[in-house]
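**Q**
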Amino acid sequence: MQNNDHLINELEKLLRGGTAHVSLHDALKDLPIDLLGKKPEHLPYSIWQLVEHIRIAQWDMLEFCKSAEHQSPEWPEGYWPEESAPEDSETFEASVKRIWSDLEEFIALLHAGNLYAPLAHGTGQTLLREALQIADHTAYHVAEIVVIRRLLGAWKS
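To convert, take the position in the sequence shown, counting from 1, and add 40; that gives the working numbering.
1. Output needed for L149: all residues of its chain with C-beta closer than 8 Å, excluding positions within five of it in sequence on either side, in chain order.
2. First and last residue of the alpha helix (DSSP H) that includes D176?
3. Taking all protein chains shown into account, do 16 or more other C-beta atoms lie within 10 angstroms of the C-beta of A97, making it buried, or fewer, making it exposed?
4. Report buried or exposed for E81, applying the criterion of at least 16 other Cβ atoms within 10 angstroms of its Cβ.
5. Please determine, among E144, T131, T163 and A134, the residue with the shortest C-alpha to C-alpha distance to E52.
6. Name the two residues that bound the continuous alpha helix (DSSP H) containing L149.
7. So, with DSSP's three-state summary, where would you put D74?
8. Distance, Cα to Cα, Y156 vs R169?
9. May I ask which residues mark the beginning and end of the alpha helix (DSSP H) holding W88?
10. Is the region 106-123 touching the region 173-184, taking contact as three or more C-beta pairs under 8 Å?
11. Relative to the alpha-carbon of I188, which residue among L75, D66 and H65 has its alpha-carbon at the smallest distance?
12. Along the chain, where does the alpha helix (DSSP H) that runs through L64 open and close?
13. For S129, count neighbouring C-beta atoms within 10 Å of its own C-beta (all shown protein chains included) and say buried if the count is 16 or more, exposed if not.
14. Can you give me the Cβ contacts of H161 inside the same chain, cut-off strictly under 7 Å, excluding the 5 residues immediately before and after it?
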């Protein structure tokens, strides 16, 4: 098997964010809890809904890579929370912690698996494809979080 250390290192940087864009950590840093449920005019989601959506989608991709038995949520309702705000700060913090722990578990899969081999239970998906999809999806929604923070006057710009 070819040496993929450099590629895996670059994928880790991409997945953790902050190379070519703001990381999720930085997008959420010093965010006042009372802004989590705010939806600026003409925008459909709150920051809480975006964070929870990132968590659910990433979890789904992780579990898909791990098991043929995994059942994805229904699209789109299963990927978005109905409530605009979390119950409390602990709920929000738990969601963010889960994003990071699931990400670390996915990165461990990258180190242990073949990046290019199609997953036996998929339709051609590979660990490399799923890594790129997680990174792309997260970066897209992190940008939305930054926009909402700007609109709410809570971004450091």
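Virtual Cβ for every residue (Gly too), placed ideally from N, Cα, C.
These numbers come from a predicted model, not from an experiment.
**A** So, from the listed chains and residues:
1. On the sequence shown, position 109 is the one that residue 149 refers to. Once the five neighbours on either side are set aside, the close Cβ partners of L149 are L102, C105, K106 and L167.
2. Taking the first residue of the sequence shown as 1, we reach residue 176 at position 136. Here the alpha helix (DSSP H) through D176 covers L167 to L191.
3. Taking the sequence shown and counting its residues from 1, the one referred to as residue 97 is at position 57. By the neighbour-count rule (16 or more Cβ atoms within 10 Å), A97 is buried.
4. Here residue 81 is taken as the residue at index 41 of the sequence shown, counted from 1. With fewer than 16 other Cβ atoms within 10 Å, it is exposed.
5. Residue numbering aside, residue 52 sits at position 12 when the sequence shown is read from its first letter. Ranked by how close their Cα comes to the Cα of E52, the residues E144, T131, T163 and A134 have E144 in first place.
6. Walking along the sequence shown from the start, residue 149 turns up at place 109. DSSP places L149 in the uninterrupted alpha helix (DSSP H) bounded by S129 to A152.
7. Indexing the sequence shown from 1 puts residue 74 at position 34. In the three-state DSSP reduction, D74 falls in the helix class (H, G or I).
8. For the purposes of this step, residue 156 is taken as residue 116 along the sequence shown, with counting starting at 1. For the purposes of this step, residue 169 is taken as residue 129 along the sequence shown, with counting starting at 1. Cα-Cα distance, rounded: 8 Å.
9. Position 48 of the sequence shown, counted from the start, is the residue given in the question as residue 88. From DSSP, the alpha helix (DSSP H) with W88 extends over I87 to K106.
10. They do not touch, by the three-pair rule.
11. Indexing the sequence shown from 1 puts residue 188 at position 148. Selection L75, D66 and H65 evaluated against I188 yields L75 as nearest (Cα-Cα).
12. Mapped onto the sequence shown, residue 64 falls at position 24. Segment L64 to L68, the alpha helix (DSSP H) holding L64.
13. For this step, residue 129 is matched to residue 89 along the sequence shown. Residue burial annotation: S129 is exposed, with fewer than 16 other C-beta atoms found within 10 angstroms of its C-beta.
14. Position 121 of the sequence shown, counted from the start, is the residue given in the question as residue 161. Sequence-distant partners of H161 (beyond 5 residues in either direction) whose C-beta falls short of 7 Å from its own C-beta, in its chain, are A108.
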